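Asks: For the sequence shown, position 17 matches number 61 in this note's numbering, and the numbering has no gaps at all. Idealized CB from N, CA, C, for every residue including glycine. Values in this document were obtained by computation on a predicted structure and should not be read as measured data.
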Amino acid sequence: MQDKWQDNMWGVWREPQKTLPVEPFTIQMHGLGLFGCRKDAWLGFNDKFRGFGGEEGYIHTKFRQHGRDVVCLPWLAWCHRFGKSGPYPLNGNDRIRNYLIGFKELGLDPKPIYDHFGIRTVNHVVESSGLI
45 MQDKWQDNMW
55 GVWREPQKTL
65 PVEPFTIQMH
75 GLGLFGCRKD
85 AWLGFNDKFR
95 GFGGEEGYIH
105 TKFRQHGRDV
115 VCLPWLAWCH
125 RFGKSGPYPL
135 NGNDRIRNYL
145 IGFKELGLDP
155 KPIYDHFGIR
165 TVNHVVESSG
175 LI
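1. Among the candidates 147, 107, 141 and 81, whose CA atom is the shortest distance from the CA of residue 166?
2. Using beta-carbon positions only, say whether residue 115 and residue 157 come within less than 8 angstroms of one another.
3. Which of helix, strand or coil does DSSP assign to residue 63?
4. How would you label residue 56, buried or exposed, when you count the other beta carbons within 10 angstroms and need 16 or more for buried?
5. Out of 51, 122, 164 and 110, state which residue places its alpha-carbon closest to the alpha-carbon of residue 150.
6. Between residue 50 and the rest of its own chain, which residues show a CB-CB distance below 6 angstroms, the 5 nearest in sequence each way excluded?
7. On the DSSP letters alone, give me the boundaries of the beta strand (DSSP E) that residue 46 sits inside.
8. Roughly how many whole angstroms lie between the Cα atoms of residue 99 and residue 76?
9. Give me the Cα-Cα distance between residue 145 and residue 65, rounded to the nearest whole angstrom.
10. Measuring only the C-alpha atoms, how far is residue 27 from residue 171?
11. Suppose contacts are defined by Cβ-Cβ distances below 8 angstroms. Is residue 101 in contact with residue 54 by that definition?
12. Suppose the cutoff is 7 angstroms on Cβ atoms and the five residues either side in sequence are ignored; what does the same chain contact list for residue 143 look like?
13. Out of 80, 79, 78 and 107, which has the shortest C-alpha to C-alpha gap to residue 90?
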């Protein structure tokens, strides 16, 4: 994924490449349809996250901030079914809330969140979710 905001998400899917390197390679971020790490290396999501969204990019940044590598295993494949909804609600306010919580935890400037979603929308989420 590219480190870019689009369609209410941090991270834009790249076009598939016809050929990939054979060896694992460093990436900025990736969708979390499939990811993994050793159990003893897991840093965890913020306990205040709720609902769906805000985790992509966040968890990759968290790992890098702890001196860990974030890599793609080019031989590992899966099918990410975007067309089917999961057994959970897709609430845009949860996503914005999670971004704000995650950015604060990681010491990131929240300006891109405000720029993408708009000041009024983000302020509404902050006020209605008790983040202030």
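Replies: Working from what's here:
1. 141
2. no
3. coil
4. exposed
5. 110
6. 56
7. 46-50
8. 8 angstroms
9. 35 angstroms
10. Nothing about residue 27 can be read from this structure; the chain reaches only from 45 to 176.
11. yes
12. 54, 98 and 157
13. 107
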